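S.K.: Attaching a single structure in C-alpha cells format; questions to follow.
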Amino acid sequence: MRTIRKVLKAINPKDLWIFILLLVPAIIVIVINALFRETYLPAIDDIEHENCYLVTEIVDGDTIKINYNGTTETVRLIGIDTPELNLRNSQYPECFAKEAKIKLESLIADQIICVENDNSQLERDKYDRLLFYIFRESDNLFINREMILEGFAYEYTYDTPYKYQSEFISAEDQAITQNLGLWSECD
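Going by my numbering, the letters in the sequence shown line up with residues 382 to 568, in that order.
Rendered as C-alpha cells:
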C-alpha cells in the first residue's frame, strides 16, 4: 500500500488524469468483452455439429477415418478414386498415390468435416466403409470435388449414377485440360 501511495504522490496530477482516461476505457472494453464471450459465445465442446465430425486419420487419397458418434469409422469418398498406396501384388504404390494422400491431409487432417450421404448409393461399401461426400467445416470446401479439380483424383462411378456425377466429370475435364496433378505425371 505504501508503494502505491508513493507512486501516486510522485505522479504529476495532469499525468494521472491522462492515465485514468486511458485506463478506464481499457477496463470497460475488457469487461464488456468478457461478459460478451461468457454470455453469447458457447464453448467449442458445447456446439452441436449436425453431421460434422473430426478427421482422425487420412488412410489414402479417397479414404479417411473419423470420430463418428464416439467410434472410429472409415469413410470412402463418393465419386472419386485415387491411385492405390498399397497394392497387394506389388511393393510400389501407383503413380501419384502418395501425392493424393498428402493433398487430402493438407485439406482436412485433424479438422472438422461435415458429411452428406447420397440416397442413390449404399450407406456402406463392400469393405464396410461409410460412403459420404465431405465438406470442410471451416469454409464449406467440397473436398471430393476439390480432389478431382486439382488433379489428385479421378471421377469414379461405382455402380449407379450419383448426385454430383456431372459436376465431378466437369471437374475432371478441367483437370485434364489444364494438365494438373496425376494428368501430367502418370500414363
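The beta-carbon is built from N, C-alpha and C at its ideal position, and this holds for glycine as well. Since the structure is predicted, the reported quantities are computational estimates derived from the model, not experimental observations.
Determine, using beta carbons only, whether ILE515 and VAL496 come nearer to each other than 8 angstroms.
M.R.: Sequence index remark: in the sequence shown, residue 515 carries index 134 (1-based). Sequence index remark: in the sequence shown, residue 496 carries index 115 (1-based). Their beta carbons are under 8 angstroms apart, which means ILE515 touches VAL496 by this criterion.
S.K.: Who are the near neighbours of GLN559 in its chain, counting only those whose CB is closer than 8 angstroms to its CB and skipping five residues on each side?
M.R.: Here residue 559 refers to the residue found at position 178 of the sequence shown. Hits under 8 angstroms: GLY532.
S.K.: Which word fits ALA490, buried or exposed, when buried means at least 16 other C-beta atoms lie within 10 angstroms of its C-beta?
M.R.: By 1-based counting over the sequence shown, the position of residue 490 is 109. ALA490 should be labelled exposed.
S.K.: Taking the beta strand (DSSP E) that LEU435 belongs to, which residues open and close that run?
M.R.: As a first step, residue 435 must be located in the sequence shown, where it is residue number 54. Going by DSSP, LEU435 is part of the beta strand (DSSP E) stretching over 433–441.
S.K.: Could you check if ASP443 is buried or exposed, using at least 16 other CB atoms within 10 Å of its CB as the buried criterion?
M.R.: Stepping through the sequence shown from its first residue, residue 443 is reached at position 62. Buried, by the Cβ-count rule.
S.K.: Please say whether GLU504 and LEU512 have beta carbons closer to each other than 8 angstroms?
M.R.: Taking the sequence shown and counting its residues from 1, the one referred to as residue 512 is at position 131. Taking the sequence shown and counting its residues from 1, the one referred to as residue 504 is at position 123. The answer is yes: Cβ separation under 8 angstroms.
S.K.: Would you mind working out which of GLU475, LYS482, GLY460, SER565 sits nearest ASP441, comparing C-alpha positions?
M.R.: As a working note, residue 441 is residue 60 in the sequence shown. The shortest CA-to-CA distance from ASP441 to any of GLU475, LYS482, GLY460, SER565 is the one to LYS482.
S.K.: Name the one or two DSSP bridge partners that LYS446 has.
M.R.: Position 65 of the sequence shown, counting from 1, holds the residue named residue 446. DSSP, once it has assigned bridges, lists GLU438, THR455 as partnering LYS446.
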